[in-house]
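The sequence shown finishes on residue 566 if you use our numbering, and the numbering steps up by one all the way, no holes. Report on the structure given below.
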Amino acid sequence: PLFKSRRPGAIAGCFVTHGTLRRGSNVRVLPNHQDLTKTRCEGLKRFADDVREVQTGYECGVVLSNFDKFLDGDVIEFIHEERVS
């Protein structure tokens with residue numbers, strides 16, 4: 482489901498199936514498992530609270546930078562980059 486926000490854009494209701502979602506991560510939106518757009522996660526919500534990350538098995542709201550054209554069944558893939566020295 483989509484939720485309205487006071488800020489521009491929409492909040493996509495999501496369920497985390499694998500891994501950890503982190504605010505600030507790069508993401509890809511995959512409607513019908515085809516790459517639609519690449520953007521960044523601007524916000525994560527658990528109920529009314531802003532959170533930094535959400536673990537597998539939990540529901541959350543996702544706000545993406547410059548993207549609000551969510552459709553039922555879209556897959557949002559979070560891309561975590563780590564610097565190894």
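For every residue, glycine included, the Cβ atom is placed at its ideal position computed from N, Cα and C.
Problem - Beta carbon of Ile492 nearer than 8 Å to that of Lys526 - result: yes
Practice task
State the DSSP-derived secondary structure class of Asn547, mapped to helix, strand or coil.
Solution key: coil
Problem - Whole-angstrom distance between Val508 and Glu523, CA atom to CA atom - result: 10 Å
Exercise for the section: Compute the distance between the beta-carbons of Arg521 and Gly505, then report whether it is under 8 Å. Expected result: yes
Practice task
Report yes or no: do three or more beta-carbon pairs, one from the region 494-502 and one from the region 531-541, lie closer than 8 Å?
Solution key: yes
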